[in-house]
Amino acid sequence: MASASSNSPTAIQLDAVGKSFGAIKAVSPLTLRIAQGERVALLGPSGSGKTTLLAMIAGTTAPTTGAIALRGKPLAGMRPGRDLAALVGMVHQQFDLVPHLSALNNVLAGRLGQWSAAAAMLSLLWPRDKDRGIAALERVGVAQRAYVRAGRLSGGEQQRVAIARLLLQDPAIILADEPIASLDPTRAEEIIALLAATAQETGKTLVASIHAVSLARRHFTRIAGMRNGAVQFDLPAHQVTNDLLDALYALPGLRDEAQSA
Amino acid sequence: MNHAAPAAPAPRAALLPRLSFLRLSLLAAIVLCCASWVYILNVDSNQSHSFFSAETWRRGVSFLKDLAGAGSTATPAFAQASAWRETGRLAYQTLAMAVLGIGIAALVALATFIFGARTLMTGELAPYGASAWRALYIAARAFFTLTRSVPELVWAMIAVFIFSPGILPGAIALGIHNAGILGKLSSEVVEGLDPRPMRALRSSGAGRFQVLLYGVLPEALPRFTTYLLYRWEVIIRTTIVVGFVAAGGLGQEFRLAMSHFHYTTLSLILIWYLILVAAVDIAAVLLRRLAR
Numbered sequence: 000m001a002s003a004s005s006n007s008p009t010a011i012q013l014d015a016v017g018k019s020f021g022a023i024k025a026v027s028p029l030t031l032r033i034a035q036g037e038r039v040a041l042l043g044p045s046g047s048g049k050t051t052l053l054a055m056i057a058g059t060t061a062p063t064t065g066a067i068a069l070r071g072k073p074l075a076g077m078r079p080g081r082d083l084a085a086l087v088g089m090v091h092q093q094f095d096l097v098p099h100l101s102a103l104n105n106v107l108a109g110r111l112g113q114w115s116a117a118a119a120m121l122s123l124l125w126p127r128d129k130d131r132g133i134a135a136l137e138r139v140g141v142a143q144r145a146y147v148r149a150g151r152l153s154g155g156e157q158q159r160v161a162i163a164r165l166l167l168q169d170p171a172i173i174l175a176d177e178p179i180a181s182l183d184p185t186r187a188e189e190i191i192a193l194l195a196a197t198a199q200e201t202g203k204t205l206v207a208s209i210h211a212v213s214l215a216r217r218h219f220t221r222i223a224g225m226r227n228g229a230v231q232f233d234l235p236a237h238q239v240t241n242d243l244l245d246a247l248y249a250l251p252g253l254r255d256e257a258q259s260a
Numbered sequence: 000m001n002h003a004a005p006a007a008p009a010p011r012a013a014l015l016p017r018l019s020f021l022r023l024s025l026l027a028a029i030v031l032c033c034a035s036w037v038y039i040l041n042v043d044s045n046q047s048h049s050f051f052s053a054e055t056w057r058r059g060v061s062f063l064k065d066l067a068g069a070g071s072t073a074t075p076a077f078a079q080a081s082a083w084r085e086t087g088r089l090a091y092q093t094l095a096m097a098v099l100g101i102g103i104a105a106l107v108a109l110a111t112f113i114f115g116a117r118t119l120m121t122g123e124l125a126p127y128g129a130s131a132w133r134a135l136y137i138a139a140r141a142f143f144t145l146t147r148s149v150p151e152l153v154w155a156m157i158a159v160f161i162f163s164p165g166i167l168p169g170a171i172a173l174g175i176h177n178a179g180i181l182g183k184l185s186s187e188v189v190e191g192l193d194p195r196p197m198r199a200l201r202s203s204g205a206g207r208f209q210v211l212l213y214g215v216l217p218e219a220l221p222r223f224t225t226y227l228l229y230r231w232e233v234i235i236r237t238t239i240v241v242g243f244v245a246a247g248g249l250g251q252e253f254r255l256a257m258s259h260f261h262y263t264t265l266s267l268i269l270i271w272y273l274i275l276v277a278a279v280d281i282a283a284v285l286l287r288r289l290a291r
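Heads up: the sequence lines are chains A and B, in that order. If you count the first sequence from 1, position 235 lands on 234 in numbering that gives the first Met the number 0, and the numbers rise without skipping. If you count the second sequence from 1, position 56 lands on 55 in numbering that gives the first Met the number 0, and the numbers rise without skipping.
Written out as structure tokens, the structure reads:
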């Protein structure tokens with residue numbers, strides 16, 4: 000588990016964290032430390048436990064065993080809300096946005112934790128903190144679409160708006176669960192580059208599950224390979240060899256997945 | 000030739016489910032159709048006699064003539080300016096009853112439909128310790144079932160007992176019945192919403208009420224508006240039914256005219272209904288376009 004930034008403060012600490020759904024073991028107990036500012040790519044075949052791992056770090060799925068701490072605070076018992084949202088934010092493959100709300104209102108929803116109910120209601124009619132919302136949309140390159148309904152945006156634009164919402168939510172840790180799975184290769188690289196640059200500029204920690212090996216090498220500092228719910232390797236990005244990747248995606252893993260599906 | 004043998008059982012397996020429903024329905028329809036005609040022509044000959052008799056035909060033609068004012072020397076109602084003015088006033092009252100009725104229905108449904116959505120009351124998005132909310136869900140669903148299973152006509156009879164006859168009891172009757180329909184439909188819209196944007200809002204720090212504001216209402220209200228306008232179209236037609244029990248408007252006048260054999264007044268009222276229904280249809284189309 001060597002990592003270049005082992006002297007930075009710890010952002011994510013997993014201690015023997017495992018998750019089972021009934022008899023099916025999604026994640027075998029694993030211990031992992033991710034330092035503040037690291038950009039970690041999770042690679043591995045579908046069904047290898049990446050999504051479950053991310054959901055546990057996000058606090059939306061409780062681990063069956065072990066304990067998770069984010070920036071030293073234990074995650075167990077933390078309810079969704081302002082405190083959790085300040086620690087960790089998540090981008091999914093898609094469907095993060097409310098289709099009938101404008102892109103701007105979707106972005107401003109990242110501020111809801113700071114707003115009263117009345118302020119939130121009024122903001123639907125007269126957007127509050129509008130300048131910050133527009134600035135975030137400018138940062139992700141879709142400011143000209145601010146007043147378009149999210150449902151009418153393209154897949155790439157929706158991901159940009161979702162990232163802009165994260166900018167306003169301003170969590171210390173950004174998680175991304177296959178954020179580019181529904182995008183074409185050019186859009187995919189743009190979105191990953193945007194996520195990586197956002198994390199780098201603001202010193203945030205980024206953990207993303209992706210399937211694109213080349214993108215993982217280009218934009219992340221560290222790569223963890225998962226298979227059958229276990230971490231196969233966890234190395235600085237430049238030390239990950241093709242042999243390791245071939246072993247990670249080798250057919251037996253796929254066959255196991257087909258059986259469990 | 001080798002692959003022919005294993006392929007043989009496949010078509011039979013593929014055809015069986017279709018035969019069991021579609022073809023059986025068609026067969027049943029044909030059998031029922033033939034049997035009905037045999038019954039009408041042979042067994043129930045009295046009924047068929049009166050249905051196809053010259054007497055029926057004569058009565059029908061005479062009634063249509065009466066409606067057109069041909070059977071009487073008096074000026075038909077639809078040719079009198081005063082009758083138009085009088086029924087016009089009733090048409091306005093009828094429209095008012097429909098607007099008031101849909102308004103009551105909308106307010107009641109808007110105040111309750113969230114509580115009727117199971118996904119919000121008992122699912123992962125429900126508040127912790129949700130048994131009180133579950134009770135609210137059951138209460139809301141029971142309310143929708145009760146209000147919409149009692150027909151408007153019955154609500155109108157009850158309302159006329161309590162209030163004096165007029166458009167108010169009519170509007171209340173239409174409002175109560177349609178509140179149940181709108182509430183149920185809207186609750187089901189909420190239950191069918193994609194939970195992922197709501198979860199995303201929740202995890203980006205929104206409170207439960209804020210998730211309602213940002214994740215549920217923007218998605219549910221356009222559909223609610225569509226249902227509302229559709230029920231308004233239905234209500235304008237149903238005013239004639241509640242009017243029959245003295246709940247005011249053109250319906251009440253229709254029943255009076257019928258019992259006094261004022262046939263041309265009936266025609267006039269029907270003309271007004273055509274105008275009202277067409278006007279409401281057009282207004283609903285325009286409002287729907289505006290809401291989109």
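A virtual CB, placed ideally from N, CA and C, is assigned to each residue, including glycine.
Pop quiz: Trp271 of chain B and Thr86 of chain B are said to be a contact at Cβ under 8 Å. What is the actual Cβ separation, rounded to whole angstroms?
Working through the second sequence from its first residue, we reach residue 271 of chain B at position 272. Working through the second sequence from its first residue, we reach residue 86 of chain B at position 87. Yes, Trp271 of chain B and Thr86 of chain B are in contact; Cβ-Cβ is about 6 Å, under 8 Å.
Start and end residues, beta strand (DSSP E) containing Met225 of chain A
Reading the first sequence from its first residue, position 226 is the one you call residue 225 of chain A. 221-226 is the span of the beta strand (DSSP E), which, as asked, contains Met225 of chain A.
Is Arg288 of chain B helix, strand or coil by DSSP?
As a first step, residue 288 of chain B must be located in the second sequence, where it is residue number 289. Residue state, collapsed to three classes: helix.
Compare the C-beta of Val114 of chain B against all C-beta atoms of chain A and say whether one is closer than 8 Å.
Here residue 114 of chain B refers to the residue found at position 115 of the second sequence. What sits at residue 114 of chain B in the sequence shown is Phe, not Val. No, no contact with chain A.
I'd like to know whether the C-beta of Ala278 of chain B is nearer than 8 Å to at least one C-beta of chain A.
The residue you call residue 278 of chain B lines up with position 279 of the second sequence. Chain A, which has no Cβ nearer than 8 Å to the Cβ of Ala278 of chain B, makes this no.
Whole angstroms is fine: what's the gap from Leu46 of chain A's alpha carbon to Ala25 of chain A's?
Along the first sequence, read from residue 1 onward, the residue named residue 46 of chain A stands at position 47. Along the first sequence, read from residue 1 onward, the residue named residue 25 of chain A stands at position 26. According to the sequence displayed, residue 46 of chain A carries Gly and not Leu. Answer to the nearest angstrom: the Cα atoms are 8 Å apart.
Along the chain, where does the beta strand (DSSP E) containing Pro235 of chain A start, and where does it finish?
Within the first sequence, the letter at position 236 stands for residue 235 of chain A. Taken as a continuous stretch (DSSP letters only), the beta strand (DSSP E) holding Pro235 of chain A covers 229-235.
Quick one: what does DSSP say Pro44 of chain A is sitting in, helix, strand or coil?
Walking along the first sequence from the start, residue 44 of chain A turns up at place 45. Pro44 of chain A falls in the coil class under three-state DSSP.
Euclidean distance between Cα positions of Ser7 of chain A and Gly191 of chain B
Here the question's residue 7 of chain A lines up with position 8 in the first sequence. Here the question's residue 191 of chain B lines up with position 192 in the second sequence. So the alpha carbons of these two residues sit roughly 46 Å apart.
Among B:Ala131, B:Leu227, B:Arg195, which residue has its Cα nearest to the Cα of His176 of chain B?
Residue mapping note: residue 176 of chain B aligns to position 177 of the second sequence, counting from 1. When each option's Cα is compared against that of His176 of chain B, the closest is B:Leu227.
Determine whether the beta carbon atoms of Ala236 of chain A and Ala207 of chain A lie at a separation below 8 Å.
For the purposes of this step, residue 236 of chain A is identified with residue 237 of the first sequence, where counting begins at 1. For the purposes of this step, residue 207 of chain A is identified with residue 208 of the first sequence, where counting begins at 1. Against a cut-off of 8 Å, the Cβ pair of Ala207 of chain A and Ala236 of chain A comes out as no contact.
Listed by chain order, chain B residues near Thr64 of chain A by CB distance under 9 Å
Position 65 of the first sequence, counted from the start, is the residue given in the question as residue 64 of chain A. By Cβ distance, chain B contributes nothing, its closest Cβ being about 22 Å from Thr64 of chain A, past 9 Å.
Does the Cβ of Asp245 of chain A have 16 or more other Cβ atoms within 10 Å, making it buried, or fewer, making it exposed?
The residue you call residue 245 of chain A lines up with position 246 of the first sequence. Asp245 of chain A is exposed by the Cβ-count criterion.
Excluding the 5 residues flanking Ala1 of chain A on each side, which residues of the same chain have their C-beta closer than 8 Å to its C-beta?
What you label residue 1 of chain A is simply residue 2 of the first sequence in a count that begins at 1. Unreliable positioning characterises Ala1 of chain A in this predicted model, as indicated by a pLDDT of 43, which lies under 50. A coordinate reading is not provided.
List the residues that DSSP assigns as beta-bridge partners of Gln238 of chain A.
Against the first sequence, residue 238 of chain A aligns to sequence position 239. According to DSSP, which records beta bridges pairwise, Gln238 of chain A is partnered with nothing at all.
Using a Cβ cut-off of 8 Å, pull out every chain B residue sitting near Met55 of chain A, in sequence order please.
Against the first sequence, residue 55 of chain A aligns to sequence position 56. The premise fails here: Met55 of chain A is roughly 13 Å from chain B at the closest Cβ pair, so nothing lies under 8 Å.
Since Ala149 of chain A and Leu136 of chain A should fall inside the 8 Å C-beta cutoff, what is the C-beta to C-beta distance between them, to a whole number of angstroms?
Indexing the first sequence from 1 puts residue 149 of chain A at position 150. Indexing the first sequence from 1 puts residue 136 of chain A at position 137. Wrong, their Cβ atoms sit about 12 Å apart, outside the cutoff.
Output, in chain order, the set of chain B residues within a Cβ distance shorter than 8 Å of Pro184 of chain A.
Along the first sequence, one-based indexing puts residue 184 of chain A at 185. By Cβ distance, chain B contributes nothing, its closest Cβ being about 25 Å from Pro184 of chain A, past 8 Å.
I want to see whether chain A comes within less than 8 Å of Gly204 of chain B, judged by CB atoms only; does it?
Within the second sequence, the letter at position 205 stands for residue 204 of chain B. By this cut-off, Gly204 of chain B is an interface position.
Val159 of chain B: first and last residue of the uninterrupted alpha helix (DSSP H) it sits in:
Stepping through the second sequence from its first residue, residue 159 of chain B is reached at position 160. Element bounds for Val159 of chain B: 151-161.
How do the stretch 180-192 of chain A and the stretch 11-24 of chain A stand: do at least 3 beta-carbon pairs fall below 8 Å, yes or no?
no
Any C-beta of chain B under 8 Å from that of Thr197 of chain A:
Your numbering for residue 197 of chain A matches position 198 in the first sequence. Chain B, which has no Cβ nearer than 8 Å to the Cβ of Thr197 of chain A, makes this no.
Could you please give me the residues that DSSP links to Ala175 of chain A through a beta bridge?
Locating residue 175 of chain A in the first sequence gives position 176, counting from the first residue. Answer is A:Val90, A:Ala207, bridged to Ala175 of chain A.
I'd like to check one pair, Leu29 of chain A with Val239 of chain A: are the Cβ atoms closer than 8 Å?
Start at 1 with the first residue of the first sequence, and residue 239 of chain A comes out as number 240. Start at 1 with the first residue of the first sequence, and residue 29 of chain A comes out as number 30. Not in contact: Val239 of chain A and Leu29 of chain A (Cβ atoms no closer than 8 Å).
What residues in the stretch 186-205 of chain B bring their beta carbon closer than 9 Å to a beta carbon of chain A?
Asp193, Arg195, Pro196, Met197, Arg198, Ala199, Leu200, Arg201, Ser202, Ser203, Gly204, Ala205
By the DSSP assignment, the alpha helix (DSSP H) with Ala108 of chain B in it spans what residues?
Numbered from 1 along the second sequence, position 109 holds the residue referred to as residue 108 of chain B. Run containing Ala108 of chain B: 80-111, per the alpha helix (DSSP H) assignment.
What are the boundary residues of the alpha helix (DSSP H) that Leu31 of chain B is part of?
As a working mapping, residue 31 of chain B is identified with position 32 in the second sequence. Leu31 of chain B -> alpha helix (DSSP H) spans 23-37.
Is the shortest distance between the beta-carbon of Arg122 of chain B and the beta-carbons of chain A less than 8 Å?
Counting from one through the second sequence, the residue named residue 122 of chain B turns up at place 123. Per the sequence presented here, residue 122 of chain B reads as Gly, with Arg not at that position. Output row for Gly122 of chain B: interface = no.
Rounded to whole angstroms, what's the CA-CA distance from Pro126 of chain A to Thr204 of chain A? Just pull it up for me.
One-based indexing of the first sequence puts residue 126 of chain A at position 127. One-based indexing of the first sequence puts residue 204 of chain A at position 205. Their backbone Cα atoms lie some 29 Å apart in a straight line.
Beta-carbon separation (whole angstroms), Ala219 of chain B vs Gly174 of chain B, contact threshold 8 Å:
If you number the second sequence from 1, residue 219 of chain B lands on position 220. If you number the second sequence from 1, residue 174 of chain B lands on position 175. The Cβ separation is near 20 Å, so there is no contact.
Can you grab the Cα-Cα spacing for the pair Met77 of chain A / Val147 of chain A, in whole Å?
Here residue 77 of chain A is taken as the residue at index 78 of the first sequence, counted from 1. Here residue 147 of chain A is taken as the residue at index 148 of the first sequence, counted from 1. The alpha-carbon atoms of Met77 of chain A and Val147 of chain A are separated by roughly 35 Å.
Under 9 Å between beta-carbons, which chain B residues line up against Pro73 of chain A? List them in chain order, please.
Sequence index remark: in the first sequence, residue 73 of chain A carries index 74 (1-based). What Pro73 of chain A touches in chain B: nothing, since even the nearest Cβ is about 18 Å away.
Ser52 of chain B versus Phe62 of chain B - alpha carbon distance:
Here residue 52 of chain B corresponds to residue number 53 of the second sequence, with the count starting at 1. Here residue 62 of chain B corresponds to residue number 63 of the second sequence, with the count starting at 1. Each residue's alpha carbon lies about 16 Å from the other.
According to DSSP, simplified to helix, strand and coil, what is Ala187 of chain A?
On the first sequence, residue 187 of chain A is found 188 positions in, with the first residue counted as 1. Helix at Ala187 of chain A.
Rounded separation between Leu275 of chain B and Pro217 of chain B - CA only
In the second sequence, residue 275 of chain B corresponds to position 276, counting from 1. In the second sequence, residue 217 of chain B corresponds to position 218, counting from 1. Those two C-alpha atoms are separated by around 32 Å.
Would a C-beta distance cut-off of 8 Å place Gly115 of chain B and Lys183 of chain B closer than the cut-off?
Reading the second sequence from its first residue, position 116 is the one you call residue 115 of chain B. Reading the second sequence from its first residue, position 184 is the one you call residue 183 of chain B. Result yes, Cβ atoms of Gly115 of chain B and Lys183 of chain B sit closer than 8 Å.
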